[in-house]
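S.K.:
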Amino acid sequence: MSLKKVLLCGILLWSFVGCALHRFPEGNRNLPYPSRGVRENTIVHVRTGYRLDPEQFFEFLRGTRVVYLAEIHNSPGVHRMQAEVIRGLAERFPGRVSVGMEMFPYTAQKALDRWYRENNRSDKEFRKLWKAYWGEKIDYYRPVLKVLKQKKIPILGLNAPKSAVLKIARNGLENLPKTFRDSLPEIDLSDPYERRYLASVFKGHPQGRGMLDRFFLVQAFWEETMAETAAAYLQSAQGRSKILIILAGENHVDYGFGIPRRLFRRLPVSYVTVQPKILAIEQIPKSQFMKVKEPPLPLRVADFYWYVYFQ
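Here you go:
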């Protein structure tokens, strides 16, 4: 047998053996390259599976206009992570960072601006604002608020007023006065993936389709309002040169079909999404677990995972 034939046979044999012996990691779209030995503050680029140290991560964000930090509202560990990202960007881009918060409606902006102008001195007033607009304990957010104070970072209220949310939740859109409907942001209900995801939450619920339709509408209204507020800010004199960090619940950020997609529709600028990945799941209160089987979606949950402890 000629050398050429021997080599060809060897290559073919190796290819068969290689296929038989090689075990591919059990990755999926949300973690195509499974990470081993992760610990607190490990940062993973989801698409490649590579780990970045903080310096590499912040360098990656250079030139990014919007950074979405998804959150579990009552997790101290998640808010420590958010504080680290805010601090890191503020130190590298001094005077160029603003923080948009789901927790406040845009109608609270004057009070938020006053808190900022007074160098955050009026903590009592801020606590009143917090209590009026947000249900979670302010203590969870202490690390974030401390950085905002230290670095003199302005807060942008993103959300819709509660009164508007309640009107839509109770009546839908069709039954509301035209003048009220005309004041609302454009609401897109056509995203099949967001609807499929929300449907998985409501699977088997006795109220069925009607409740899902109304909940999807309210969810979309929240997200469209936050997206419109953020887009207007980024195009304004105050926000044109800023990096906007958006703090919002996971369901408004994950998979990109919430605020990120709705903001991009209005203003196609660069953005990055960061999702906290919880170490030691047993730390999460059992009351927070929902029996939800998420549907397979052709979307990545986030651009980066940042590993944290819940507490």
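Just add 24 to the spot in the sequence shown (first one is 1) and you have our numbering.
Using N, Cα and C, we set each Cβ at its ideal position, and we do this for glycine too.
When DSSP labels each residue in this structure, what does V298 get in the three-state scheme?
M.R.: The residue given as residue 298 occupies position 274 in the sequence shown. Residue state, collapsed to three classes: strand.
S.K.: Quick one: grab the DSSP three-state call for R280.
M.R.: Counted from its first residue, the sequence shown places residue 280 at position 256. It should be pointed out that residue 280 corresponds to Gly in this sequence rather than to Arg. Looking at G280 - three-state DSSP - the assignment turns out to be helix.
S.K.: Going straight from the alpha carbon of P320 to that of Q259, what length do you get?
M.R.: Here residue 320 corresponds to residue number 296 of the sequence shown, with the count starting at 1. Here residue 259 corresponds to residue number 235 of the sequence shown, with the count starting at 1. Approximately 36 Å, taken between the alpha carbons.
S.K.: Give the range of the beta strand (DSSP E) segment to which V189 is assigned.
M.R.: As a position in the sequence shown, residue 189 is number 165, starting the count at 1. Segment K186 to N195 is the alpha helix (DSSP H) holding V189; no beta strand (DSSP E) there.
S.K.: Suppose you measure from the CA of R63 to the CA of L303; what does that come to, to the nearest Å?
M.R.: Along the sequence shown, read from residue 1 onward, the residue named residue 63 stands at position 39. Along the sequence shown, read from residue 1 onward, the residue named residue 303 stands at position 279. Each residue's Cα considered, the two are about 7 Å apart.
S.K.: Is W158 helix, strand or coil when you go by DSSP?
M.R.: Your numbering for residue 158 matches position 134 in the sequence shown. Coil, per DSSP.
S.K.: With DSSP collapsed to three states, give me the class of F288.
M.R.: Here residue 288 refers to the residue found at position 264 of the sequence shown. In this structure, F288 counts as helix in the three-state DSSP scheme.
S.K.: Going straight from the alpha carbon of V316 to that of I96, what length do you get?
M.R.: Locating residue 316 in the sequence shown gives position 292, where the first residue counts as 1. Locating residue 96 in the sequence shown gives position 72, where the first residue counts as 1. Answer to the nearest angstrom: the Cα atoms are 17 Å apart.
S.K.: My output table needs one value for R89: the three-state DSSP class, helix, strand or coil.
M.R.: Against the sequence shown, residue 89 aligns to sequence position 65. In the structure shown, R89 sits in coil (DSSP, three-state: anything other than H, G, I, E or B).
S.K.: Secondary structure at L57, three-state DSSP: helix, strand or coil?
M.R.: By one-based count along the sequence shown, residue 57 stands at place 33. Note that residue 57 is Tyr in the sequence shown here, rather than Leu. Coil at Y57, not helix or strand.
S.K.: DSSP three-state call for Y329: helix, strand or coil?
M.R.: Sequence index remark: in the sequence shown, residue 329 carries index 305 (1-based). In the structure shown, Y329 sits in a strand (DSSP, three-state: E or B).
S.K.: I'd like the list of long-range same chain contacts for V296, defined as Cβ closer than 8 Å, with 5 residues on each side in sequence excluded.
M.R.: As a working note, residue 296 is residue 272 in the sequence shown. Here the set comprises F84, L85, T88, V90, V91, Y92, D327 and F328.
S.K.: The beta strand (DSSP E) spanning S122 covers which residue range?
M.R.: On the sequence shown, position 98 is the one that residue 122 refers to. Unbroken beta strand (DSSP E) run through S122: V121 to P129.
S.K.: Apply the 10 Å Cβ neighbour rule to L271 and answer buried if 16 or more other Cβ atoms are within range, or exposed otherwise.
M.R.: Within the sequence shown, residue 271 is the residue found at index 247, counting from 1. Burial call: buried.
S.K.: The beta strand (DSSP E) spanning A272 covers which residue range?
M.R.: As a first step, residue 272 must be located in the sequence shown, where it is residue number 248. Element bounds for A272: I267 to G273.
S.K.: Please classify R151: does DSSP put it in a helix, a strand, or coil?
M.R.: Mapped onto the sequence shown, residue 151 falls at position 127. Note: R151 maps to helix in three-state DSSP.
S.K.: Around the Cβ of A156, are there at least 16 other Cβ atoms within 10 angstroms (buried) or fewer (exposed)?
M.R.: Within the sequence shown, residue 156 is the residue found at index 132, counting from 1. When all chains shown are included, A156 counts as exposed.
S.K.: Note down, one range per segment and in chain order, each alpha helix (DSSP H) of at least 4 residues found wholly within the stretch 222-265.
M.R.: Whole alpha helix (DSSP H) segments, 4+ residues: 232-258.
S.K.: Quick check: the Cα distance between P322 and R53, rounded to an integer number of angstroms?
M.R.: Position 298 of the sequence shown, counted from the first residue, corresponds to residue 322. Position 29 of the sequence shown, counted from the first residue, corresponds to residue 53. Roughly 8 Å between the two C-alpha positions.
S.K.: Are there three or more Cβ pairs, one per stretch, closer than 8 Å when the stretch 69-84 is compared with the stretch 273-282?
M.R.: The stretch 69-84, when compared against the stretch 273-282, does not touch it at the 8 Å Cβ threshold.
S.K.: Specify the secondary structure class of V109 as computed by DSSP and reduced to three states.
M.R.: Within the sequence shown, numbered from 1, the residue matching residue 109 stands at position 85. In the structure shown, V109 sits in a helix (DSSP, three-state: H, G or I).
S.K.: Assuming R219 and F240 form a contact by the criterion Cβ under 8 Å, report the distance between their Cβ atoms to the nearest whole angstrom.
M.R.: Here residue 219 refers to the residue found at position 195 when the sequence shown is read from its first residue. Here residue 240 refers to the residue found at position 216 when the sequence shown is read from its first residue. Contact flag correct, Cβ pair sits at about 6 Å.
S.K.: Measure the Cβ-Cβ separation of I67 and F82 and say whether it is below 7 Å.
M.R.: Taking the sequence shown and counting its residues from 1, the one referred to as residue 67 is at position 43. Taking the sequence shown and counting its residues from 1, the one referred to as residue 82 is at position 58. Not closer than 7 Å, so no.
S.K.: Since I197 and R205 should fall inside the 8 Å C-beta cutoff, what is the C-beta to C-beta distance between them, to a whole number of angstroms?
M.R.: Residue mapping note: residue 197 aligns to position 173 of the sequence shown, counting from 1. Residue mapping note: residue 205 aligns to position 181 of the sequence shown, counting from 1. The sequence shown places Leu at residue 197, not Ile. Contact holds; Cβ gap of about 6 Å.
S.K.: Taking buried to mean at least 16 other C-beta atoms within 10 Å of its own C-beta, is P49 buried or exposed?
M.R.: Here residue 49 refers to the residue found at position 25 of the sequence shown. Model confidence at P49 stands at a pLDDT of 48, short of 50, so the residue's coordinates are unreliable; what they give is reported in the following sentence. Burial call: exposed.
S.K.: State the DSSP-derived secondary structure class of L200, mapped to helix, strand or coil.
M.R.: As a working note, residue 200 is residue 176 in the sequence shown. Three-state result, L200: coil.
S.K.: Give every residue of the same chain whose Cβ lies closer than 7 Å to the Cβ of L291, excluding the five residues on either side of it in the sequence, and list them in chain order.
M.R.: The residue labelled residue 291 in the question sits at position 267 within the sequence shown. Once the five neighbours on either side are set aside, the close Cβ partners of L291 are A255, L258 and Q259.
S.K.: Where F288 and Y217 are concerned, what is the direct C-alpha to C-alpha distance, given to the nearest angstrom?
M.R.: Against the sequence shown, residue 288 aligns to sequence position 264. Against the sequence shown, residue 217 aligns to sequence position 193. Straight-line Cα distance between these residues: approximately 17 Å.
S.K.: Does the count of Cβ pairs from the stretch 171-186 and the stretch 121-131 closer than 8 Å reach three?
M.R.: The stretch 171-186 vs the stretch 121-131: in contact.
S.K.: Under 8 Å by Cβ, that's how I've got M235 and F245 pegged, so tell me the actual separation to the nearest angstrom.
M.R.: Within the sequence shown, the letter at position 211 stands for residue 235. Within the sequence shown, the letter at position 221 stands for residue 245. Their Cβ separation, rounded to whole angstroms, is 16 Å, which puts M235 and F245 out of contact at 8 Å.
S.K.: Starting from V168, follow the alpha helix (DSSP H) in both directions and report where the run begins and ends.
M.R.: Position 144 of the sequence shown, counted from the start, is the residue given in the question as residue 168. Where V168 is concerned, the enclosing alpha helix (DSSP H) stretches over R166 to Q174.
S.K.: Could you check if D215 is buried or exposed, using at least 16 other CB atoms within 10 Å of its CB as the buried criterion?
M.R.: By 1-based counting over the sequence shown, the position of residue 215 is 191. Counting Cβ neighbours within 10 Å, D215 comes out buried, since at least 16 surround it.
S.K.: In whole angstroms, what separates the C-alpha of V298 from that of A193?
M.R.: By 1-based counting over the sequence shown, the position of residue 298 is 274. By 1-based counting over the sequence shown, the position of residue 193 is 169. Spanning the two alpha carbons is a distance of roughly 30 Å.
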